[in-house]
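Working notes, structure below.
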Amino acid sequence: MASIKHPNICSRILLVLPALFLLASCTIIAGPGLAQDKPEITIEDVVHRGRPPLATVGWLGSDRLYAQMRSPTGETSFRALQQNGPTGADLSAGFDDESAGQGTYRRVSISPGGAWLISHIDGKWRLLNSATQTQATLEVPEPPSEIEGNFAWHKADWADDARRVAISEMYDGRRRQNAMVRTKTVNGVRLEETAPVSDEVFVQATRVIAVDIVDSNSIGSWIFSGCTSAGQSFSPGPELYVTLTCFEDAVPHTKLIRIDLETGASQEIFRANAILQDSHPRLSPDGRLIAFALNDDDSNWAGFMDLAILDASTGEIIRRLRPAANQGLTPSNDYFWSDDGGAVYVRARAAGLDEVWSLALTGDHRRLAGGERRRYGMSLSPDRSMLSYTTVDGYGYRDVRTVDVATGEEAIYAVIDDPAADFDLGHWEQIEWTSDNGIRPKGWLIRPSGFDPEKRYPLFVYVHGNGTGSDLYLDGAFTGSVSGGPLEWHALAALGYVVFVPDYRMSGNYGPGPIRQSLTEHLDGAVYDSRDVISGVKYVVSLGSIDPNRIAVMGHSAGGTRTFKALTDEPGLFAAAILNDSSPLDLRSVLQAASSGSRTGSDFNRFLRSLLGPEISDDPEPYKANYVLDAVKIRTPTLILRGGYGGAVSPTQYASHEQAFTLIRQSGVPAKYITFLDEGHTYTTPEAALVAFDLVMEWLAEHMPLPSGDPDSVAPKRGQ
Numbered sequence: 000m001a002s003i004k005h006p007n008i009c010s011r012i013l014l015v016l017p018a019l020f021l022l023a024s025c026t027i028i029a030g031p032g033l034a035q036d037k038p039e040i041t042i043e044d045v046v047h048r049g050r051p052p053l054a055t056v057g058w059l060g061s062d063r064l065y066a067q068m069r070s071p072t073g074e075t076s077f078r079a080l081q082q083n084g085p086t087g088a089d090l091s092a093g094f095d096d097e098s099a100g101q102g103t104y105r106r107v108s109i110s111p112g113g114a115w116l117i118s119h120i121d122g123k124w125r126l127l128n129s130a131t132q133t134q135a136t137l138e139v140p141e142p143p144s145e146i147e148g149n150f151a152w153h154k155a156d157w158a159d160d161a162r163r164v165a166i167s168e169m170y171d172g173r174r175r176q177n178a179m180v181r182t183k184t185v186n187g188v189r190l191e192e193t194a195p196v197s198d199e200v201f202v203q204a205t206r207v208i209a210v211d212i213v214d215s216n217s218i219g220s221w222i223f224s225g226c227t228s229a230g231q232s233f234s235p236g237p238e239l240y241v242t243l244t245c246f247e248d249a250v251p252h253t254k255l256i257r258i259d260l261e262t263g264a265s266q267e268i269f270r271a272n273a274i275l276q277d278s279h280p281r282l283s284p285d286g287r288l289i290a291f292a293l294n295d296d297d298s299n300w301a302g303f304m305d306l307a308i309l310d311a312s313t314g315e316i317i318r319r320l321r322p323a324a325n326q327g328l329t330p331s332n333d334y335f336w337s338d339d340g341g342a343v344y345v346r347a348r349a350a351g352l353d354e355v356w357s358l359a360l361t362g363d364h365r366r367l368a369g370g371e372r373r374r375y376g377m378s379l380s381p382d383r384s385m386l387s388y389t390t391v392d393g394y395g396y397r398d399v400r401t402v403d404v405a406t407g408e409e410a411i412y413a414v415i416d417d418p419a420a421d422f423d424l425g426h427w428e429q430i431e432w433t434s435d436n437g438i439r440p441k442g443w444l445i446r447p448s449g450f451d452p453e454k455r456y457p458l459f460v461y462v463h464g465n466g467t468g469s470d471l472y473l474d475g476a477f478t479g480s481v482s483g484g485p486l487e488w489h490a491l492a493a494l495g496y497v498v499f500v501p502d503y504r505m506s507g508n509y510g511p512g513p514i515r516q517s518l519t520e521h522l523d524g525a526v527y528d529s530r531d532v533i534s535g536v537k538y539v540v541s542l543g544s545i546d547p548n549r550i551a552v553m554g555h556s557a558g559g560t561r562t563f564k565a566l567t568d569e570p571g572l573f574a575a576a577i578l579n580d581s582s583p584l585d586l587r588s589v590l591q592a593a594s595s596g597s598r599t600g601s602d603f604n605r606f607l608r609s610l611l612g613p614e615i616s617d618d619p620e621p622y623k624a625n626y627v628l629d630a631v632k633i634r635t636p637t638l639i640l641r642g643g644y645g646g647a648v649s650p651t652q653y654a655s656h657e658q659a660f661t662l663i664r665q666s667g668v669p670a671k672y673i674t675f676l677d678e679g680h681t682y683t684t685p686e687a688a689l690v691a692f693d694l695v696m697e698w699l700a701e702h703m704p705l706p707s708g709d710p711d712s713v714a715p716k717r718g719q
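Be aware that the sequence shown starts at 0, since it is given in numbering that gives the first Met the number 0, and climbs by one per residue.
Structure follows, in structure tokens:
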């Protein structure tokens with residue numbers, strides 16, 4: 000990467016603009032500002048700060064950007080983005096003339112260069128001229144009668160010339176019910192038959208439509224049953240390529256379809272027996288090659304992705320690219336061809352600090368941008384000379400940047416948010432340690448402002464979710480759905496905690512080897528990942544200034560299963576634990592949740608096979624991993640928090656948590672089990688986030704008390 004370009008060389012000036020938009024006039028912000036006269040951040044500050052107003056960015060020509068903005072109440076708008084923030088009228092305002100107040104479904108797609116916008120409104124496809132704000136209804140065929148179920152969602156992809164657009168309409172006829180039963184009375188005897196509803200479930204279907212917007216007429220439409228679309232791409236000629244993920248098929252798979260727009264014929268040219276939801280086909284400028292994200296071992300989901308280069312005529316893989324042997328792509332679809340077709344611009348994993356790379360077909364790869372921040376939401380300018388993206392760091396600082404693909408010169412385009420301008424934050428850094436088998440995980444470490452190495456601090460460990468193929472996120476569990484970002488960790492640091500956020504090997508940040516090992520040995524990834532959590536905690540303690548008797552651990556979702564395994568494997572390490580809407584605690588529990596309760600009689604194995612590979616009848620071993628009974632080993636007071644989903648949850652979804660809770664209590668260890676009746680997998684309201692935070696702080700205050708007579712121990716400020 001070359002130098003970072005700044006608008007001026009002068010002292011940093013911040014202009015507070017509407018909707019929290021800021022302009023950084025000069026220097027890049029690498030850490031928090033001076034602490035003078037600034038308060039420490041509280042969890043209330045984090046919650047009420049809300050999400051940044053900017054959602055995504057794209058190009059209005061080759062030298063201007065637009066920003067998709069979201070208001071606090073959820074409305075979206077599209078505005079030109081300048082270095083002093085969003086400006087001008089909403090580019091999508093013309094859509095509102097006919098649809099205001101009618102409960103429309105709004106997702107807007109903007110053409111290359113920004114001349115046209117398209118959206119599905121009131122059951123019709125609307126085309127809007129951004130300059131004149133006049134709209135037209137696209138003439139497309141009505142969905143055929145064989146498509147049952149509800150219109151669920153859609154996506155639109157434009158041709159490079161902005162004349163053609165391909166639309167995928169996804170239909171979902173599945174009946175989502177809590178009880179798949181039918182009650183009847185025979186001779187006065189009441190009976191309940193289980194599973195007839197699941198027998199009647201209609202699978203998903205996708206309708207692909209190609210439209211020429213010059214005459215507002217469709218070129219053709221095609222139906223694909225049992226599949227959803229991951230994206231589509233036009234060739235320079237008369238072909239359209241579509242990626243379909245067929246989750247409901249007898250053998251779940253992802254396939255690439257080539258459609259001849261002149262004859263209407265469609266042909267499958269590539270198939271992977273894996274579910275790959277982000278594998279967008281990207282045609283090279285000459286139309287001869289396809290860039291396609293694919294798992295390293297062609298397995299399911301996005302464990303470790305590299306870039307497959309396919310021959311567009313045959314679908315044959317002719318090359319696979321990645322930045323380095325153990326560095327894969329981020330699980331996303333924002334990768335783009337260079338102008339000469341000799342390279343593809345991608346985002347690559349870097350343990351939470353995603354980088355931008357140019358992957359050359361010759362193997363001469365270049366890193367275009369990297370460093371102490373995550374880069375996401377990448378888009379390519381129409382002339383293919385610049386990339387744009389949003390960045391965030393461990394202080395919650397966010398900006399929009401561009402990079403020149405020829406020189407690697409990165410420039411700050413506009414600053415979105417700079418919490419350090421308002422608050423005295425802690426010190427955030429990325430650390431690395433050695434786990435078993437030579438694995439070198441990384442993680443975040445956040446120390447309080449004014450950290451005194453001579454003191455002994457309580458340690459709060461947060462284990463992130465998403466499991467295999469995840470990432471080292473810059474989002475916490477309490478406020479992730481309310482405000483997003485890492486600020487809740489700084490609020491914990493302001494209370495006196497050192498915060499540690501470990502990554503784990505199954506995330507895909509450490510090469511494909513660990514994921515292969517898990518599949519080969521038929522073990523849940525949590526078995527291995529818990530070792531990385533334990534070794535990481537021991538490493539942080541070895542750095543000094545941590546009270547080894549006051550270590551708390553909290554795991555969310557798949558992080559909960561890793562936390563549970565760490566509690567059973569190292570009973571004396573933690574003083575308090577929290578399982579926050581954890582996934583089922585082992586593979587046997589996953590099988591139970593997928594085949595009982597509201598899923599009784601369902602074809603559960605379609606889901607599990609997509610994760611584990613074989614049919615249960617062919618190889619039952621992967622389905623047997625069972626360590627819930629190890630809860631009897633736990634000696635750590637454990638708080639279990641879960642969502643109630645408003646009652647719309649299978650009664651066996653949390654059976655393993657209930658069993659673990661019972662076993663922990665029977666062992667004489669304090670445990671508490673609390674359900675947030677109206678919340679789901681995350682806390683979606685400020686009130687729920689604050690209640691959850693306070694419940695955790697109360698639990699820590701009860702089970703991690705300040706040692707008496709120790710002047711060097713730091714007392715947390717909340718909950719004492």
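Here a beta-carbon is modelled for each residue, glycine too, at the ideal position from N, C-alpha and C.
Please read these numbers as outputs of a predicted model, since none were measured by experiment.
>> Short of 6 Å in beta carbon distance, which residues of its chain neighbour G100, apart from the five on each side in sequence? Order them along the chain.
In response: Only weak support exists for where G100 lies, its pLDDT of 42 falling under 50; the coordinates are left without a value.
>> Taking 8 Å as the limit between beta carbons, can you name the residues of its chain near R78, skipping five residues before and five after?
In response: Taken in chain order, the residues that qualify are Y65, A66, M68, P85, T86, G87, A88, D89 and L90.
> How many whole angstroms separate the CB atoms of L306 and L328, which I take to be in contact at a CB cut-off of 8 Å?
Replying inline: Taking the Cβ atoms as the reference, L306 lies roughly 6 Å from L328, within the contact range of under 8 Å.
> Across which residues does DSSP place C245 in a beta bridge pair?
Replying inline: H252
> Cα separation between A29 and W443?
Replying inline: Confidence in A29 is poor, its pLDDT being 41 and thus under 50, which makes the residue's placement too unreliable to answer from.
>> Just to confirm my understanding: we take I8, look at its own chain, exclude 5 residues before and 5 after, and list those with CB closer than 6 Å. What are they?
In response: Unreliable placement is indicated for I8, whose pLDDT of 26 sits below 50; no coordinate value is reported for it.
> Per the contact definition of three or more C-beta pairs closer than 8 Å, is the segment 467-482 in contact with the segment 678-691?
Replying inline: yes
>> Taking the alpha carbon of W157 as the reference point, which residue from V139, W124, W115 and G122 has its own alpha carbon closest?
In response: W115
> Between the C-alpha atoms of V498 and D528, what's the straight-line distance to the nearest angstrom?
Replying inline: 19 Å
> With 16 other CB atoms within 10 Å as the buried threshold, where does A405 fall?
Replying inline: exposed
> Which class does F766 belong to by DSSP, given the choice of helix, strand or coil?
Replying inline: The requested residue 766 does not occur in the structure, where the chain is confined to residues 0 to 719.
> Just checking my contact of A492 with P447 at CB under 8 Å: how many whole Å lie between their CB atoms?
Replying inline: Going by Cβ atoms, the distance from A492 to P447 rounds to 4 Å, so yes, they are a contact pair.
>> Between the alpha carbons of K303 and K671, how many angstroms are there, rounded?
In response: Note that residue 303 is Phe in the sequence shown, not Lys. Cα to Cα, the separation comes out at about 37 Å.
>> I'd like to know if the segment 451-467 and the segment 500-515 are in contact, where contact means that at least 3 CB-CB pairs between them fall below 8 Å.
In response: They touch, by the three-pair rule.
>> Is the beta carbon of E238 closer than 8 Å to that of I268?
In response: no
>> Taking 7 Å as the limit between beta carbons, can you name the residues of its chain near D677, skipping five residues before and five after?
In response: Cβ within range, chain order: G643 and G645.
> Which whole-angstrom value describes the C-beta separation of L282 and A311, a residue pair presumed to lie in contact below a C-beta threshold of 8 Å?
Replying inline: 7 Å
>> Let's test the definition: count the other Cβ atoms within 10 Å of the Cβ of Q134 and tell me whether it reaches 16, buried, or not, exposed.
In response: Result: buried.
> Relative to the C-alpha of S228, which residue among H153, S234 and P284 is closest?
Replying inline: In terms of CA proximity to S228, H153 leads the group H153, S234 and P284.
> Ends of the beta strand (DSSP E) at L80?
Replying inline: T75 to Q81
>> Taking 8 Å as the cut-off, does the segment 410-420 touch the segment 363-370 (at least 3 CB pairs, one atom from each stretch)?
In response: By the C-beta criterion, the segment 363-370 is judged not to be in contact with the segment 410-420, since fewer than 3 inter-stretch pairs fall below 8 Å.
>> If you follow the alpha helix (DSSP H) that W698 is in, where does it begin and where does it stop?
In response: P685 to H702
>> By DSSP's criteria, T72 is part of a beta bridge. Which residues make up the other side?
In response: Bridge partners of T72: none, in fact.
> Thinking C-beta only, is I222 closer than 8 Å to P322?
Replying inline: No, they are not a contact pair.
> Can you list, in chain order, the stretches of the beta strand (DSSP E) that have 3 or more residues and sit fully within the segment 255-279?
Replying inline: 265-271
>> Going by DSSP in three states, S541 sits in which element: helix, strand or coil?
In response: helix
>> In the DSSP assignment, the alpha helix (DSSP H) including W488 goes from what residue to what residue?
In response: Here the alpha helix (DSSP H) through W488 covers L486 to A493.
> Of the choices I42, P51, V45 and L59, whose alpha-carbon is the least far from that of M385?
Replying inline: That would be L59, whose Cα lies nearest to the Cα of M385.
>> Does the structure place the segment 560-567 close enough to the segment 620-636 that three or more beta carbon pairs sit under 8 Å?
In response: yes
> Does the beta-carbon of T136 have 16 or more other beta-carbons within 10 angstroms, so that it is buried, or is it exposed?
Replying inline: exposed
> Which value, in whole angstroms, describes the spacing of the CA atoms of S234 and D160?
Replying inline: Near 11 Å, if we compare the C-alpha coordinates of D160 and S234.
> At which residues does the alpha helix (DSSP H) containing I289 begin and terminate?
Replying inline: Unbroken run through I289 is the beta strand (DSSP E), L288 to N294; no alpha helix (DSSP H).
>> So that I know if they touch, is there some Cβ in chain C lying closer than 8 Å to that of D435?
In response: Of the protein chains in the structure, only one exists, and it is not chain C.
> Tell me which same chain residues have a C-beta within less than 6 Å of the C-beta of P31, skipping the five on either side of it?
Replying inline: The pLDDT assigned to P31 is 46, lower than 50, so where the model puts this residue is not dependable; a value taken from the coordinates is nonetheless given after this. Within the same chain, Cβ atoms closer than 6 Å to the Cβ of P31 are found at Y394, A419 and L424, the five residues on either side in sequence being excluded.
>> Measuring straight from C-alpha to C-alpha, what distance separates A714 and G679?
In response: C-alpha separation (whole angstroms): 33 Å.
>> Looking at the secondary structure, which residues open and close the beta strand (DSSP E) in which I316 lies?
In response: I316 to L320
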